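Numbers 8 to 526, taken from our numbering, label the letters of the sequence shown in order. Ideal Cβ positions, reconstructed from N, Cα and C, are used throughout, including at glycine. Here the structure is a predicted model, which means the values were calculated and not measured. Data first, discussion second: the structure below is written as structure tokens.
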Amino acid sequence: MHYWDILVFQFLFGILNEIKSSITILQIFTKTFMTIEEIEGLLRLAETKLKNNNIKEVEVLTRRVIDNLSSEKLIDNSTHLYTKTSWYFIAQSSQLLCESLWRQGQINEALQYGNQAILHAKEINNLEIQAAALNDLGCIYSKKSDYFTSIKYFKDAIEYYEKVGNIETVNVVSLNIGSAYMLLSDYTLALAHYMKALTYFENSNTRQLAGLLGNIGVLFMYLLDYSSALEYYNKSLYLTRKLELKELEASMLGNIAAIYTHTLDYQIALEYFKEATIIFESVGNTFNIANSHASLGAIYYFLLDFQNSLTFNFRALAQFRELGMKSHISNALTYIGRIYGNKGYSNYNPMRAELYFKNAISIIEHSGAMVELGHVYQHISTLYEQENDHVKALEYYKKFHELTITVQNEEVKKQADKFVWEQKLADMEKEREIELLKTDAEKALLNETILHQKKRLETQAFEVENSIQELVKKNGLLQQIQSDIKKIAPHTKREGIDAIEHLLDRVSATSHLSIRSKN
8 MHYWDILVFQ FLFGILNEIK SSITILQIFT KTFMTIEEIE GLLRLAETKL
58 KNNNIKEVEV LTRRVIDNLS SEKLIDNSTH LYTKTSWYFI AQSSQLLCES
108 LWRQGQINEA LQYGNQAILH AKEINNLEIQ AAALNDLGCI YSKKSDYFTS
158 IKYFKDAIEY YEKVGNIETV NVVSLNIGSA YMLLSDYTLA LAHYMKALTY
208 FENSNTRQLA GLLGNIGVLF MYLLDYSSAL EYYNKSLYLT RKLELKELEA
258 SMLGNIAAIY THTLDYQIAL EYFKEATIIF ESVGNTFNIA NSHASLGAIY
308 YFLLDFQNSL TFNFRALAQF RELGMKSHIS NALTYIGRIY GNKGYSNYNP
358 MRAELYFKNA ISIIEHSGAM VELGHVYQHI STLYEQENDH VKALEYYKKF
408 HELTITVQNE EVKKQADKFV WEQKLADMEK EREIELLKTD AEKALLNETI
458 LHQKKRLETQ AFEVENSIQE LVKKNGLLQQ IQSDIKKIAP HTKREGIDAI
508 EHLLDRVSAT SHLSIRSKN
């Protein structure tokens, strides 16, 4: 058999195995009831899919498990209550489904399953599942931009992971806390959590280290320290290539491109974005492909290559619509509006520009993203101004101005909320420290009591030993006197003999008494 024939045979054999696996899974799915072994198999498969970022498949698998858990085969017939095994399956599948949903952007339903997972895990006292669900809730509240609530959940997750001794995941969650603080613009605390995790992962050469280095790069980018950001991005990029982490490599390339975009080096940024896009397309990551196309559309716009910009923005728009990502849809619509509204574009069309801007406004108004809405108001106001429609230009400029004030007020409110939450978190830390101190004090008191009792026992033992030695000495003396009297008795007169015998009897009686006391 030729080498090529062998490759073809291996390929066909792999397909055959995939078909067999698919048939087995299909048979399980179509069954009314599943055995415990079949449920375990589906959950293991769901975990594998999650690690490989096949998020939608995780949802399908876990929903099937949850639906089947209503089967009476997993219920104790005597009490009609779930058995301990089924509680475990419910908790695990709810947690996996929660993570799948929030990563797909289905926040509210994810929140529901996350709370269910915690509730069910408590029924069987499974700290590992509770910790994973708490971490999910932290991620959910980060998605909702409620960063202080997310930090609270992350800290709770760390406490549970510490109890079960999962130190690696403790440091992974610490990264999440760092990212939340970074989004709160508290860069000192963000860097402290990142560096704590870096100490743990720095010699590991793992995905976590590569992601962490990238996060530190993002932090320096927020601080406008582009040289430090590039340093950490390049460290992460080197590691992702070494470990063949394609998607993370593409993300780092995109981050590097973003730096060059900020420094107005658009041509260099374009090359990095192109390279990132090729990788995302090779691994079939639909969302990141769409995101890369949007980034290319933006770069071509800054390079005044409006035709290419339009091509990539239309491509991204179609992909975001298919994914249902409304915030990204509005962003693509805005860029298309800017292209048609730019007089430097050969096909300048203000009416089309107005249409795309208004479509974007309609979507953003429902989402409540005020900063993005303000940007579109500003763009459409500029469009009306250059078309000499001063009434509409002023109308939208006023909307932009009012929204800017609202956003500033919201920022003031956020700062006030930040102070309250910081106080709450500080109080939580103090309570935890007090509990630890109480535990330490109780341990110290117990050790002191044990030490005191030990000393008392040692003293008593010493006293007993002395008493025994004294009794032994006394008994020895009496025995010696008894022996001496016996020796002299035959040599004394008769009247003295009676007295001596009487004394001998008394000494003998005392000697026996001493022996009994000793015993």
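According to the DSSP assignment, residue 206 belongs to the alpha helix (DSSP H) that extends over 194-208. Residue 295 and residue 281 have their C-alpha atoms roughly 12 Å apart.
The Cβ atoms of residue 324 and residue 339 sit closer than 8 Å to each other. In the three-state reduction of the DSSP assignment, residue 358 falls in the helix class, which pools H, G and I.
Judged by beta-carbon spacing, residue 105 lies within the 8 Å limit of residue 143, meaning their Cβ atoms are closer than that value.
Looking at the backbone, the Cα of residue 199 and that of residue 179 are separated by about 14 Å.
Between the region 180-194 and the region 126-146 there are three or more C-beta pairs closer than 8 Å, enough to call the two in contact.
Taking C-beta atoms as the reference points, residue 352 and residue 313 count as a pair closer than 8 Å.
In the three-state reduction of the DSSP assignment, residue 159 falls in the helix class, which pools H, G and I. The region 317-356 contains, as complete alpha helix (DSSP H) runs of 4+ residues, the segments 333-347 (chain order).
For the 8 Å CB-CB criterion, residue 128 and residue 98 form a contact. One thing to note: residue 306 has its Cβ no nearer than 8 Å to the Cβ of residue 270.
The alpha-carbon separation between residue 131 and residue 373 amounts to approximately 42 Å. In the three-state reduction of the DSSP assignment, residue 381 falls in the helix class. Collapsing the DSSP output to three states places residue 69 in a helix. Within the same chain, Cβ atoms closer than 7 Å to the Cβ of residue 247 are found at 217, 255, 256 and 259, the five residues on either side in sequence being excluded.
According to the DSSP assignment, residue 271 belongs to no alpha helix (DSSP H), since it is labelled neither H nor E. Rounded to the nearest whole angstrom, the CA to CA distance from residue 397 to residue 390 is 10 Å. Following the DSSP letters along the chain, one finds residue 45 inside the alpha helix (DSSP H) bounded by residues 43-58.
For residue 153, there is no enclosing alpha helix (DSSP H), as DSSP gives it neither H nor E.
In the structure shown, residue 137 falls within a helical segment according to DSSP collapsed to helix, strand and coil.
Taking C-beta separations shorter than 8 Å and ignoring five residues to either side along the sequence, the partners of residue 386 in its chain run 341, 344, 345, 348 and 364, following chain order. Taking the C-beta atoms as reference points, residue 252 is found no nearer than 8 Å to residue 239. Counting along the chain, residue 174 sits inside the alpha helix (DSSP H) bounded by residues 174-190. Residue 243: member of the alpha helix (DSSP H) spanning 233-249, first to last residue. Inclusion of residue 379 and residue 316 in the CB contact set at 8 Å is not warranted, their separation being larger than that value. By the beta-carbon neighbour count (other beta carbons within 10 angstroms, threshold 16), residue 118 is buried. Residue 291 carries a coil assignment under DSSP once its states are collapsed to helix, strand and coil.
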